[in-house]
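Asker: Numbered per the working numbering, the sequence shown spans residues 1177 to 1464.
The structure is given below, and queries will be raised subsequently.
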Amino acid sequence: MKLRSSRTLPLRVLGRLVRRFLGWLQFDCRESAGGTFDRRRTLAGWPDRAGVPWLSFPGEHAFWVSHNQARLQLWFPVEVADQLALLGIIATVVLGLGAIAATIYVFRKQSPRREFSYDLRATPLVSGAVRGSDRLTLAYDGSPVTNPYLVTLQLASSGRADITSSSFDGDKPILFELNVPILAEIEQTPSTSTVSAQLQYNGEGSVIQLPPSLLPKGFGIRASYVCDGEPTLEPKIELADITIRDGIRSFGEKNKLWLNAAVFAIGVAAAGLGALLAESIIFKGLTP
């Protein structure tokens, strides 16, 4: 007969204890004999060691573990049991939010959305409220200008993946028809100089175009023009499987879901900690 080493006995007992604790944990509320501890957690199916306390930590916030009628009994004071229950609820909510966030994160990574955004702003260079503006004569490069406007056009690859040049349907450029004469380009600033994408204006007409180009995620262009008259934008954007958005969203707008989830999780945790603190203060005040 093979004898088991006595050195491994404590580890085997501890392993059985952990397995039973995780597998058979139940909740039970009863009044103890002394009246100090009236809530307990019980484990079913433990070997019978009737009434013999085998582990105890004396003190006001102690718990007892003993074998009694095939049960492993863990005795808690009332306030400790309530705090543990509240912590369990908080942990469940936080873990649930974490699982939801992880699911959304994996989905966003596996199915990245590509998005092209544009925005046009027009500002008159001469306000109609200026007295005598009707008698004011304006000219640009020697040519008279009746109603000059400063026009700013912004483009952005605002999705979670790059927009490749092959996404331009039929290699057609993106067109922005302003419906007013464009007099000149003032400036054009890309968000990074390592990308060759650039808006083009041929010096006359009313159209600005973007040829097929690689637009990495997060890349943007800002360009300013002087126009004779208030523009009316008519974009012609033919991009395959790409979301087109009129207006460029801020960071908060693009990450609204994540920000709301983070605020909710912080609120739940703060409320739980506040409840624990308030309960501890009230309990100490009522304890003689």
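Don't be surprised by glycine CBs; every beta carbon is placed ideally from N, CA and C.
Would you identify the three-state DSSP class for Ser1341, choosing helix, strand or coil?
Answerer: Sequence index remark: in the sequence shown, residue 1341 carries index 165 (1-based). Of the three classes helix, strand and coil, the one that applies to Ser1341 here is helix, per DSSP.
Asker: For the segment 1314 to 1328 against the segment 1390 to 1397, do three or more pairs of beta-carbon atoms, one drawn from each stretch, fall closer than 8 Å, so that the two count as touching?
Answerer: no
Asker: Under three-state DSSP, which class holds Ile1362?
Answerer: Here residue 1362 corresponds to residue number 186 of the sequence shown, with the count starting at 1. Correct three-state label for Ile1362: strand.
Asker: Quick check on DSSP: helix, strand or coil for Gly1396?
Answerer: Walking along the sequence shown from the start, residue 1396 turns up at place 220. If DSSP states are grouped into helix, strand and coil, Gly1396 belongs with the strands.
Asker: Exposed or buried, which one is Val1327 when buried takes at least 16 other CB atoms within 10 Å?
Answerer: Here the question's residue 1327 lines up with position 151 in the sequence shown. Flag for Val1327 reads buried.
Asker: Per DSSP, Ser1319 is paired with what?
Answerer: Counted from its first residue, the sequence shown places residue 1319 at position 143. Answer by DSSP bridge pairing, in chain order: Tyr1316.
Asker: My output table needs one value for Ala1298: the three-state DSSP class, helix, strand or coil.
Answerer: As a first step, residue 1298 is located in the sequence shown; it is residue number 122 there, counting from the start. Of the three classes helix, strand and coil, the one that applies to Ala1298 here is strand, per DSSP.
Asker: Are the beta-carbon atoms of Ala1332 and Ser1372 separated by less than 8 Å?
Answerer: Your numbering for residue 1332 matches position 156 in the sequence shown. Your numbering for residue 1372 matches position 196 in the sequence shown. No, the Cβ-Cβ distance between Ala1332 and Ser1372 is not below 8 Å.
Asker: Just the Cα atoms here: how many angstroms apart are Ile1358 and Gly1381?
Answerer: Working through the sequence shown from its first residue, we reach residue 1358 at position 182. Working through the sequence shown from its first residue, we reach residue 1381 at position 205. Rounded to the nearest angstrom, the gap between the Cα atoms of Ile1358 and Gly1381 is 6 Å.
Asker: Quick check: what's the CA-CA separation for Gln1374 versus Ala1267?
Answerer: Taking the sequence shown and counting its residues from 1, one reaches residue 1374 at position 198. Taking the sequence shown and counting its residues from 1, one reaches residue 1267 at position 91. Taking the straight line joining both Cα atoms gives about 51 Å.
Asker: If contacts are defined as beta-carbon pairs under 8 Å, then Gln1385 and Pro1349 qualify, I think. What distance do you get, rounded to the angstrom?
Answerer: Within the sequence shown, numbered from 1, the residue matching residue 1385 stands at position 209. Within the sequence shown, numbered from 1, the residue matching residue 1349 stands at position 173. Under the criterion of beta carbons closer than 8 Å, Gln1385 and Pro1349 qualify as touching, at roughly 4 Å.
Asker: At what residues does the beta strand (DSSP E) containing Tyr1325 begin and finish?
Answerer: Position 149 of the sequence shown, counting from 1, holds the residue named residue 1325. Here the beta strand (DSSP E) through Tyr1325 covers Pro1324 to Ser1333.
Asker: Mapping the DSSP letters down to three states, classify Ile1413 as helix, strand or coil.
Answerer: Along the sequence shown, one-based indexing puts residue 1413 at 237. Three-state result, Ile1413: coil.
Asker: Specify the secondary structure class of Ile1384 as computed by DSSP and reduced to three states.
Answerer: Taking the first residue of the sequence shown as 1, we reach residue 1384 at position 208. In this structure, Ile1384 counts as strand in the three-state DSSP scheme.
Asker: Using the three-state DSSP reduction, which class does Ile1418 fall into: helix, strand or coil?
Answerer: The count along the sequence shown starts at 1 and reaches residue 1418 at position 242. Ile1418: coil per DSSP, three-state reduction.
Asker: Within 10 Å of its beta-carbon, does Gly1379 have 16 or more other beta-carbons around it, so buried, or fewer, so exposed?
Answerer: Numbered from 1 along the sequence shown, position 203 holds the residue referred to as residue 1379. Classification for Gly1379: exposed.
Asker: Just list the residues that DSSP pairs Ser1293 with in beta bridges.
Answerer: The residue labelled residue 1293 in the question sits at position 117 within the sequence shown. Answer is Ala1332 and Arg1421, bridged to Ser1293.
Asker: Around the Cβ of Leu1271, are there at least 16 other Cβ atoms within 10 angstroms (buried) or fewer (exposed)?
Answerer: If you number the sequence shown from 1, residue 1271 lands on position 95. Counting Cβ neighbours within 10 Å, Leu1271 comes out exposed, since fewer than 16 surround it.
Asker: Out of Thr1408, Ala1298 and Ser1342, point me to the one whose CA is closest to Ile1418's CA.
Answerer: Here residue 1418 refers to the residue found at position 242 when the sequence shown is read from its first residue. Of the candidates Thr1408, Ala1298 and Ser1342, the one whose C-alpha sits nearest the C-alpha of Ile1418 is Ser1342.
Asker: What residue range is occupied by the uninterrupted beta strand (DSSP E) comprising Glu1406?
Answerer: Residue mapping note: residue 1406 aligns to position 230 of the sequence shown, counting from 1. No beta strand (DSSP E) holds Glu1406; DSSP gives it neither H nor E.
Asker: Who are the near neighbours of Pro1407 in its chain, counting only those whose CB is closer than 6 Å to its CB and skipping five residues on each side?
Answerer: Within the sequence shown, the letter at position 231 stands for residue 1407. Same-chain partners within the cutoff: Ala1298, Val1327, Leu1354 and Val1356.
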